[in-house]
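The listed protein sequences correspond, in order, to chains A and B. Just so we're aligned: 187 in the numbering used here is position 186 of the first sequence, and the numbers increase by one with no gaps anywhere. Just so we're aligned: 132 in the numbering used here is position 77 of the second sequence, and the numbers increase by one with no gaps anywhere. Glycine is no exception: its CB is placed at the ideal position from the N, C-alpha and C atoms. Quick notes on the structure that follows.
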Amino acid sequence: MNALSITGLELARPGGFRLSVPSLSLAQGEQALLVAPSGGGKSTLLHLVAGLEDPDAGSIAVADMPISSLRGAARDAFRGASIGMVFQTFNLLHGFSAIENLMVAMMFSSVPAATHESRARALLGELGIERPEQAVETMSVGQQQRVAVARALACRPTLVLADEPTASLDPANAATAIGLLQRACRDHGAALLCTSHDPTLRAHFSRVIDLGTTEAAR
Amino acid sequence: MTDFTIVLRSLSLRRFSTTVTVTMVAVSVALLLVLLAMRDAGRAAFRRGTGNAHLLVSADTSPLVAVLNGMFYANAPSQPIDWAAYMKIREAFPWSWTIPTQLGDSFRGSPVMATSKEFFTNFEPVLGQPWTFVAGKGFEAPYEAVVGAEAARLHGLKVGSELVLAHGVGTASGEAAHEHEDHPVEVVGILAPTGSAHDRAIFTSLETGWCVHAEESRLKEAAAANPGEDDHGHLHVDPEDLRDSEKLITGILLRVPTRPGEQVSSALPVAFDLLRRQFPFTVAQPAQQVGRLFEIVSGVDTLFIAMAVAVMVAGALSLMLALYNSMDLRRRQVAILRVLGASQGRVFGLVLAESAIIGLLGSGLGIALAAVFGTVASAELQRRVGLVIDPTMDLRTIVLCTAAATFLACAAGIVPALRAYRTAVVQGLRPLG
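Set out below in structure tokens:
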């Protein structure tokens, strides 16, 4: 089973934007960095993989499930259960504590409700969050990033999509953050597809996918 | 973590907006409840006041005025009925009882009714509830008085207190009333509250009123006959000295015989027709006149209710606007929930639940406000017009208003919920600015 399989993906938008990914796959637990020039379609590809947008043609399967053919609530439920997302600005729910952010994520999954709190607490502990009850908006940027990574892993996803997760960090912190994300995904058996325009991150990944040459990718 | 937690957290995040919208709903619910409660309580107070009297005879110009004056103490009837006419009416039909009343005097703005002892034994101020005394007893002799519960409270009267009655209805400040200072009246009994207009009245025997007025009129006659003499102040009239022309009353309460435990009688129309045909007085059926009064005011009533409903709808529109505008700020929250796996339907439900909670909270607060408003308005009505009303809201009205407010709130939430439903997730996730 592949964590991600893309075949013949095509997307065109008014204004001349075109995204073409003839073939791309990620094995279970594999980690890859997706690179492209700014505006090259990195984020759009992640949205397509997450089922937040529909391609014009082609198929996208996550854990062998063709998410692009799922519709409505079924697609939402599948995304919640199988895909974790980490964003540049973290997109944590303000007004909720760190542990609540994880528990909200698990609400929409098949993770048994009785285990939500213990799992959330354990994950936050693993990622060095000492005060899980702290409101996320009062946390430092580094702490918020850790909470975002923990939330992405809360539902035991097959695939984690990270969209420019280090864009707002300085190089030293970016290296630490990407290391944390990679380790966490590895520890939880999730594949990782990470986008970045930061060339220094290439050294952290054994596989780099350049969107301009995806035909050459595996 | 449940959907309810998310809804509550979302409401508390927008604390100011939530407080304002809840308050708007509360004010409109309170207004509607108060108007409905006051209307029902006002009707009940009027119905209570007619008690178990089937008919009221008076020399007033219309039956409604006769009832308002004779049973609700609106004004003193302007024309008297002489005692001989009363006796004829009494003999004209096999009445269950007849009670003569005389209005015209007052004590510091509270009406004084002179009547017979049967007023306390036969007349029930509220159907099925005879008078009860919280202190003392009924009057036995002239210059004794029994005081209604509200009048006793208002003037601080107790058994043994002495009152100086004034001629004329006057006002609480004693304006335009001539006082009978030579004839203080002693309080011998305090009545328990009945929730009717009688609570604010003071009752004396007919003889008390007649003797006081007889002395005054005889003194005036003497002064007119002997203008040179200064001292006419020691004239004293006992009940047995009263002339027939001095025995005047202003109303007669009547009840026709009924079967035990029943209030209506087939004899009532017969007695009513007989009185109208044979006597030159106004004959009123108090319960019927109260019904007529409600018909007269029902237009105003409907207008008030329509206004309250309009306020409620305005509250719902404000709620819709507040929620709709908040969707701009919540675009990101909705997008995050969708990324985490929430379906469009679930997000729609969350926003609708917020509206419902605002409706419920507003209703709860509105009920509390209505209880406070009702108590204040009831006290004010009692103080200003002497109408004793119980502002208690009935459970059915409360449930209906709460359901209506919640329904309206939900309806107001549909448009914002649809906006949340249609929120484009990708746009919502983009970094702000």
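A direct Cα-to-Cα measurement between Asp237(B) and Thr259(B) gives close to 16 angstroms. The secondary-structure analysis by DSSP pairs Phe188(B) across a beta bridge with Leu246(B). Contacts between Glu134(A) and chain B, judged by CB atoms closer than 8 angstroms, are missing: the closest CB pair is about 13 angstroms apart.
Taking 8 angstroms as the cut-off, the beta carbon of Met93(B) is found closer than this to the beta carbon of Gly429(B). For the region 56-90 of chain B, the set of residues with a beta-carbon nearer than 9 angstroms to any beta-carbon of chain A comprises Met56, Thr57, Asp58, Thr60, Ile61, Arg64, Ser65, Ser67 and Leu68, in chain order. At least one C-beta of chain A is nearer than 8 angstroms to the C-beta of Leu395(B). For Met140(A), no CB of chain B lies under 8 angstroms from its own CB, so it is not counted at the interface with that chain. Annotated three-state conformation of Gln144(A) is helix, per DSSP. Under the DSSP assignment, Arg19(A) falls outside any alpha helix (DSSP H), being part of the beta strand (DSSP E) whose first and last residues are Arg19 to Ala28. When rounded, the separation of the alpha-carbon atoms in Gly16(A) and Ala397(B) is 32 angstroms. With a threshold of 16 other beta carbon atoms within 10 Å, Gln145(A) meets it and is buried.
Rounded to the nearest angstrom, the Cβ distance from Ser133(B) to Pro155(B) is 17 angstroms, too far for a contact under 8 angstroms. Within the DSSP bridge table, the entry for Ile61(A) names Ile7(A) as partners. The continuous alpha helix (DSSP H) containing Met367(B) extends over residues Pro341 to Val394. For Ser83(B), the secondary structure class from DSSP, reduced to helix, strand or coil, is helix. Ile257(B) is a Cβ neighbour of Leu218(B), given a cutoff of 8 angstroms. Distance between Glu11(A) and Thr196(A), taken at the CA atoms: about 19 angstroms. Partner residues in the beta bridge of Ile136(B), as assigned by DSSP, are Ile304(B).
When Cβ-Cβ separations below 8 angstroms define contact, Ile412(B) makes no contact with chain A. Identification of chain A residues near Ser381(B) by a Cβ-Cβ cut-off of 7 angstroms yields none; the smallest Cβ-Cβ distance measures about 13 angstroms.
Chain order gives no chain B residues near Glu31(A), where near means a beta carbon separation below 9 angstroms; the closest approach is about 22 angstroms.
Fully contained in the region 57-121 of chain A are the following alpha helix (DSSP H) runs of length 4 or more, in chain order: 73-83 and 99-108.
In the DSSP assignment, Gln32(A) falls within the unbroken beta strand (DSSP E) covering Gln32 to Val36.
Assignment of Arg208(A) by DSSP, reduced to helix, strand and coil, places it in the coil class. Proximity of chain A to Ile391(B) at the Cβ level (cut-off 7 angstroms) is accounted for by Asn92 and Leu94, in chain order. Here Val406(B) is buried. Its C-beta has 16 or more other C-beta atoms within 10 Å. Neighbours of Glu101(A) across chain B, judged by C-beta separation under 7 angstroms: Met56. Contact annotation: the region 108-116 of chain B does not touch the region 474-486 of chain B, with fewer than three C-beta pairs closer than 8 angstroms.
Bridge pairing for Ile154(B): Leu308(B) [DSSP]. For Ile257(B), no alpha helix (DSSP H) run applies; the uninterrupted beta strand (DSSP E) run containing it begins and ends at Ile257 to Ser260, by DSSP. Shown here, Leu297(B) sits in coil according to DSSP, grouped into three states, outside any helix or strand. Val481(B) reaches chain A at His48, Leu53 and Glu54, counting residues in chain order whose Cβ is nearer than 8 angstroms. A Cβ-Cβ contact shorter than 8 angstroms links Met448(B) with Ala425(B). Taking a C-beta distance under 8 angstroms as the contact criterion, Leu209(B) and Ser165(B) qualify as a contact pair. One Cα belongs to Phe127(B), the other to Val325(B), and the distance between them is close to 26 angstroms. In the DSSP assignment, Glu205(B) falls outside any beta strand (DSSP E) and lies within the alpha helix (DSSP H) extending over Ala204 to His210.
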